[in-house]
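Peer 1:
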């Protein structure tokens, strides 16, 4: 067997050096940035479901007198089925892009990848505001999912690696607390902006807020962590566990050009990661449980505001 991709973590080496310079961007500051990004990310989930942005469909009484709809559903004259598709369209981009960004993190700096993803997210949010029909906004919602994938797949592993052992659970707790807080804030934000400025401005404003963190992700350099590629690295990196190739695979890679060899190596590592992942029964059971959990929570979080408006006229 031929070993590839094994190397010591620069973060561990730097931490063991007494004369290491103190960084301005400490892990705690990085975690704070990730928490705010997560908050804005889930504000978008609340915004699309809020009564001020999602609105209500046009309603006609038995005499044929119709009242104008409001928000996205009213302006595009969406059925409840189309409205439901709109709420889940982002999952297409999220499911496709998440494993891709996770695999690329072995070759490229994770904060650069997050910056690329958040750029896509920001442009897609602006596109949602400029949409003029159902299919247009549905496609932009899919790209919102692509942008979200870079962040969702890389942020939590970064926190898990960078947090001190005594504070790891606390930092992860802060990060995940931003999910319900962001959705709740999105309901309020979307309702207020939708009422006073129009539903399109809710997307424009959240895009402006996210643009600040896009710049930060491209400009700052986090400490090197295990399993992630250094910012200046041109070689795929492996996690702390060594990834092994068979002799036949290694010899085939050696005979190819450097560019082709790099792509081949990355694809082989990505395939082996997926194989190892799907062989973990605990992981599979947890994923199935989380799917069921999100099936229920997703329905409540999206249709709940409509039900509240219909029953209590809130």
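In this note's numbering, the protein residues as written are 1 to 314. Think of the CB as a built atom: it goes at the ideal place given N, C-alpha and C, for glycine as much as any other residue. Note that this is a predicted model, so its numbers are computed, not measured.
1. Would you report the Cα separation of residue 249 and residue 190, rounded to the nearest angstrom?
2. Helix or strand or just coil, what does DSSP make of residue 316?
3. Given this structure, state the Cα-to-Cα distance separating residue 321 from residue 149, to the nearest angstrom.
4. Based on Cα-Cα distance, which residue from 24, 32, 26 lies nearest to residue 172?
5. For residue 29, does the count of other Cβ atoms within 10 angstroms reach 16, so buried, or fall short, so exposed?
6. Starting from the Cα of residue 160, find the closest Cα among 27, 300, 312 and give me that residue.
7. Give a yes or no on whether the C-beta atoms belonging to residue 129 and residue 42 are separated by under 8 Å.
8. For residue 194 versus residue 147, is the C-beta distance shorter than 8 Å?
9. Residue range of the alpha helix (DSSP H) that residue 180 falls in?
10. Would you mind stating whether residue 151 and residue 291 have Cβ atoms separated by less than 8 Å?
11. Beta-carbon within less than 6 Å of residue 34's beta-carbon, same chain only, minus the 5 sequence neighbours each way: which residues are those?
12. Can you check which of these residues, 309, 302, 102, 83, is closest to residue 183 by C-alpha distance?
13. Going by the DSSP bridge assignment, what does residue 66 pair with across the sheet?
14. When burial is assigned at 16 or more other CB atoms within 10 Å of the CB, is residue 79 buried or exposed?
15. Going by other Cβ atoms of all chains shown within 10 Å of its Cβ, with 16 needed for buried, is residue 135 buried or exposed?
16. Locate the alpha helix (DSSP H) running through residue 99, then write down its first and last residues.
17. When you compare only the Cα positions, how much space is there between residue 214 and residue 185?
18. Please work out which residues of its chain come closer than 8 Å, Cβ to Cβ, to residue 45, disregarding the five sequence neighbours upstream and downstream, and give them in chain order.
19. By Cβ distance, which residues of its chain are closer than 7 Å to residue 131, with the 5 residues on each side in sequence left out?
20. Under a Cβ-count criterion, where at least 16 other Cβ atoms within 10 Å of its own Cβ denotes burial, should residue 40 be classed as buried or exposed?
21. Give the range of the alpha helix (DSSP H) segment to which residue 79 is assigned.
Peer 2: According to the structure shown:
1. Unreliable positioning characterises residue 249 in this predicted model, as indicated by a pLDDT of 48, which lies under 50. A coordinate reading is not provided.
2. The structure shown does not extend to residue 316, since the chain is modelled only from 1 to 314, so the question has no answer here.
3. Outside the displayed range of the chain (1 to 314) lies residue 321, so it cannot be described from this structure.
4. 32
5. exposed
6. 27
7. no
8. no
9. 168–196
10. no
11. 155
12. 302
13. 60
14. exposed
15. exposed
16. 90–104
17. 21 Å
18. 182, 183, 186, 301
19. 137, 140
20. buried
21. Neither: residue 79 is in no alpha helix (DSSP H) and is coded neither H nor E.
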